[in-house]
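I have placed the structure first, in the form of structure tokens, so that the comments after it can refer back to it.
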Amino acid sequence: MNNKFSLGIDIDGVIANTQPLIISELNAYFDKTYTVNDFYHMTPEEAYNIDRPQLYDFIAERELRLIKAAGPVQGSVEAIHKLKERCRITIISARTTEFYPNTVDWLRKHGIKHDQLILLGEHDKRKTCLEECVQLFIEDSLKNAEQVSSCGIPIYLFNATYNQGEIPDLVRRVDSWPQIVDLLEEKLARQN
8 MNNKFSLGID
18 IDGVIANTQP
28 LIISELNAYF
38 DKTYTVNDFY
48 HMTPEEAYNI
58 DRPQLYDFIA
68 ERELRLIKAA
78 GPVQGSVEAI
88 HKLKERCRIT
98 IISARTTEFY
108 PNTVDWLRKH
118 GIKHDQLILL
128 GEHDKRKTCL
138 EECVQLFIED
148 SLKNAEQVSS
158 CGIPIYLFNA
168 TYNQGEIPDL
178 VRRVDSWPQI
188 VDLLEEKLAR
198 QN
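Everything in the sequence shown is counted per the numbering used here, starting at 8 for the first residue and increasing by one.
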């Protein structure tokens, strides 16, 4: 039996730094010049005059290019390597299942250690987090954080321009991977 702490982690916006790539793709397509910081005060839907389904379709059409081109979020590789010593790491993503081999290649290329990779092809991660007995989940989507925390699972919400707003009680904003490591080490020390 594995007694390691069960940690769930999202990929895009948490491990893979995809937001700047998405904005670049949207800028090129719509002939705009927005930067990441512009999205503290507006949504991509407002900036590019599209609705949420159109945004998801736009990203889905470019998913493979985004997967291949993204670099790791600063500090993620080292932090996950350190956390892997004490945690069972399950990566749970809304990425389309057909990109499983590409995602495995990306994780391997960047040396990101994990125990399991689950691509759902949808954004609702509640059922999977419960099935995998996730004890804490690291996420960047406020909606996903609200959903997963509604099942009693604490969330570290990786702070981003697109996830501002009120957060539920079980959700804590985090600003960096070193902060996540510190918080998790404190949590694990209290459990021992």
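By construction, the Cβ of each residue, glycine as well, lies at the ideal position given by its N, Cα and C atoms. Bear in mind the structure is a predicted one, so any value in this text is a computation, not a measurement.
One Cα belongs to Arg180, the other to Asp17, and the distance between them is close to 15 Å. Shown here for Ala167: same chain residues with a beta carbon closer than 8 Å to its own, the five before and five after excluded, namely Gly20, Gln26 and Asp147 in chain order.
Distance from the CA of Gly78 to the CA of Ala35, rounded to the nearest whole angstrom, comes to 20 Å.
Cβ-Cβ distances below 8 Å link Ile99 to Gly15, Ile16, Asp17, Ile125, Leu127, Lys132, Thr135, Cys136, Glu139, Val141 and Phe144 in the same chain, with the five nearest sequence neighbours on each side left out; the list follows chain order. Residues of the same chain with a CB within less than 8 Å of the CB of Asp58, apart from the 5 flanking positions on each side, are Glu52 in chain order. Between Arg93 and Leu190, the gap from beta carbon to beta carbon reaches 8 Å or more. With 16 or more other Cβ atoms inside 10 Å of its own Cβ, Ser156 counts as buried. When the alpha-carbon of Lys91 is set against those of Lys11, His48 and Ile30, the nearest one is in Lys11. In this structure, DSSP gives Ser183 a state outside helix and strand, which the three-state scheme calls coil. Annotation note: the region 63-121 contains the following uninterrupted alpha helix (DSSP H) runs of length 4 or greater, listed N- to C-terminal: 70-76, 83-91 and 107-116. From the listed residues Tyr107, Asp64 and Trp113, the smallest Cα separation to Leu33 is found for Asp64. With contacts defined by Cβ atoms closer than 8 Å, Ala67 and Thr103 form a contacting pair.
With contacts defined by Cβ atoms closer than 8 Å, Lys89 and Val178 do not form a contacting pair.
A distance below 6 Å between beta-carbons, with the five flanking residues on each side excluded, links Trp184 to the following residues of its chain, in chain order: Gly82, Ser83 and Ala86. If you compare the alpha carbons of Gln186, Asp182, Pro108 and Tyr163 with that of Asp176, the shortest gap goes to Tyr163. DSSP places Val178 within a strand segment (E or B) once states are collapsed to three. Exposed is the label assigned to Thr42, since fewer than 16 other Cβ atoms lie within 10 Å of its Cβ. Leu73 is the residue among Gln123, Pro161, Arg115 and Leu73 whose C-alpha sits nearest the C-alpha of Leu28. Boundaries of the beta strand (DSSP E) around Glu146: Leu143 to Glu146.
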